[in-house]
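2 protein chains.
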Amino acid sequence: MTKPRQQDAPPVVEHVSDDTLRQFVGYHVKRAMNVIQGDLAKTLRPFDLRMVTYSALVLIVDNPGLRQSQLATAMDVERPNLVVIIDELERRDLILREKVPTDRRAYALMPTLAGRQLCDKAIAAVKAHEARLLAGLAPPEIKEVVRALSQIELRGSEE
Amino acid sequence: MTKPRQQDAPPVVEHVSDDTLRQFVGYHVKRAMNVIQGDLAKTLRPFDLRMVTYSALVLIVDNPGLRQSQLATAMDVERPNLVVIIDELERRDLILREKVPTDRRAYALMPTLAGRQLCDKAIAAVKAHEARLLAGLAPPEIKEVVRALSQIELRGSEE
DNA sequence: TATAATAGTTATAATTCATAACTATTAGAG
DNA sequence: CTCTAATAGTTATGAATTATAACTATTATA
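Read top to bottom, the protein sequences are chains B and E. Going by my numbering, the first residue of the first sequence is number 224, and it counts up by one from there. Going by my numbering, the first residue of the second sequence is number 224, and it counts up by one from there.
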């Protein structure tokens, strides 16, 4: 005999079980990602940055002179969608589109001083917030996680 | 002296470095998530399911009788957005909205036989695909990753 | 009984993501 | 060397996802 049910009424669910989904690593990744994304958004708000503008800025600071198409590929964003991101960063004078004399179709993306400074501050803030999220995890554990996630990422690119 | 640059031209970036972002676990989670999400979408396409409809179906099969608001909370989806998801599953006769005699505002979500069957098949397919993504990772490593991700998830909910 | 709260819905806006087509320019085949 | 194809960036646009306000019906509570 199963749970007693009055008449023909549907069972009342007191606690929702997601055990089946929990067997999938992907589910855990998704839920962790939700938390991380929410935390990141909150962290970046004071800098008036979103996740995309933040990562674009970091990549430009780290790779001064790169082209928009390179950045789009690195960020896994369609070229048309990158345009507005770059527009926004340029409008705020965090980066600039520098003309490339050897190829007049392309722009070399360069960070400004303000861009580098904001980037540094944002990175520091993100670092602090991430540390709080990862509190309770020992460094070797974290290394292990990163290794595993990289492995998954790799599997994806070799399709 | 740094890299030689002809005249005043911006440096040419041959390889885009994302080392700065790689220091963040969140970045790795995001990139792994992209791969997983793409793989999942491909896996579910033959069943005419998307990630949201799939997880909704699984949760309904595992928790027959649950209410839409419970499901919305479990899935981290706004109630209005869940309506169309449930509509879709119901239209395909995978689930049904059963009237609750004790509360005439609410619907108890129940899977149909077809729903349970499709769910089983989809779960099997996802399991197989995930196994391929995780090939190269030993079971204890996977356990470690899940533990770490759960920890992150937890940190988020205790804000 | 009156008021507040809840379940589900509708309508709608904001945001994100994807696609086609265009201009200007460069590279490559012949 | 010229013609064609390919590339960089852009514009326009649409699809999909996500979020918000307000509504109906019903239940819980003061």
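Ideal Cβ placement from N, Cα and C applies to all residues, glycine included. All of these numbers come straight from a predicted model, not from anything done at the bench.
If you check each beta-carbon in the stretch 268 to 285 of chain E against every beta-carbon of chain B, the ones closer than 7 Å belong to S278, V281, L282, D285. In terms of beta-carbon proximity, E367 of chain B lines the interface with chain E, with at least one pair separated by less than 8 Å. In terms of CA proximity to T243 of chain B, E:D285 leads the group E:D285, E:H352, E:L377.
The stretch 317 to 335 of chain B makes no contact with the stretch 256 to 267 of chain B, as fewer than three CB pairs between them are under 8 Å. Flagged as an interface residue toward chain B: D242 of chain E, by a C-beta distance shorter than 8 Å. By the 16-neighbour rule on beta-carbons within 10 angstroms, R314 of chain B is exposed. In summary, H238 of chain B is exposed, with fewer than 16 beta-carbon neighbours lying within 10 Å of its beta-carbon over all protein chains present.
Fully contained in the stretch 331 to 363 of chain E are the following alpha helix (DSSP H) runs of length 4 or more, in chain order: 336 to 357.
Within 8 Å of the CB of R327 of chain E, no CB atom of chain B is found; the nearest one sits about 12 Å away. A Cβ-Cβ separation of about 5 Å places Y277 of chain B in contact with L267 of chain B under the 8 Å criterion. Within the stretch 250 to 320 of chain E, complete alpha helix (DSSP H) segments of at least 4 residues are found at 274 to 285, 291 to 298, 302 to 314, given in chain order.
For G249 of chain B, the closest of E:S292, E:A331, E:S373 by C-alpha to C-alpha distance is E:S373. With contacts defined by Cβ atoms closer than 8 Å, V258 of chain B and G338 of chain E do not form a contacting pair. At a cut-off of 8 Å between beta carbons, E376 of chain B contacts chain E. DSSP links K322 of chain B through a beta bridge to B:Y330. Between the stretch 355 to 372 of chain B and the stretch 353 to 366 of chain E there are three or more C-beta pairs closer than 8 Å, enough to call the two in contact. Where D242 of chain E is concerned, the enclosing alpha helix (DSSP H) starts and stops at 242 to 245. Just measuring C-alpha positions, the residue of B:V236, B:A297, B:V281, B:M274 sitting nearest T335 of chain B is B:V281. The three-state secondary structure of E381 of chain B, taken from DSSP, is coil.
Cα atoms of I375 of chain B and A255 of chain E: separation of roughly 6 Å, rounded to the nearest angstrom. Looking at the backbone, the Cα of L305 of chain B and that of D343 of chain B are separated by about 22 Å.
Contact residues of the stretch 296 to 329 of chain B toward chain E are A297, D299, E321, V323, P324, T325 (C-beta to C-beta distance below 7 Å). The Cβ atoms of L332 of chain E and I283 of chain E lie closer than 8 Å to each other. Judged by beta-carbon spacing, V236 of chain E lies within the 8 Å limit of Q293 of chain B, meaning their Cβ atoms are closer than that value.
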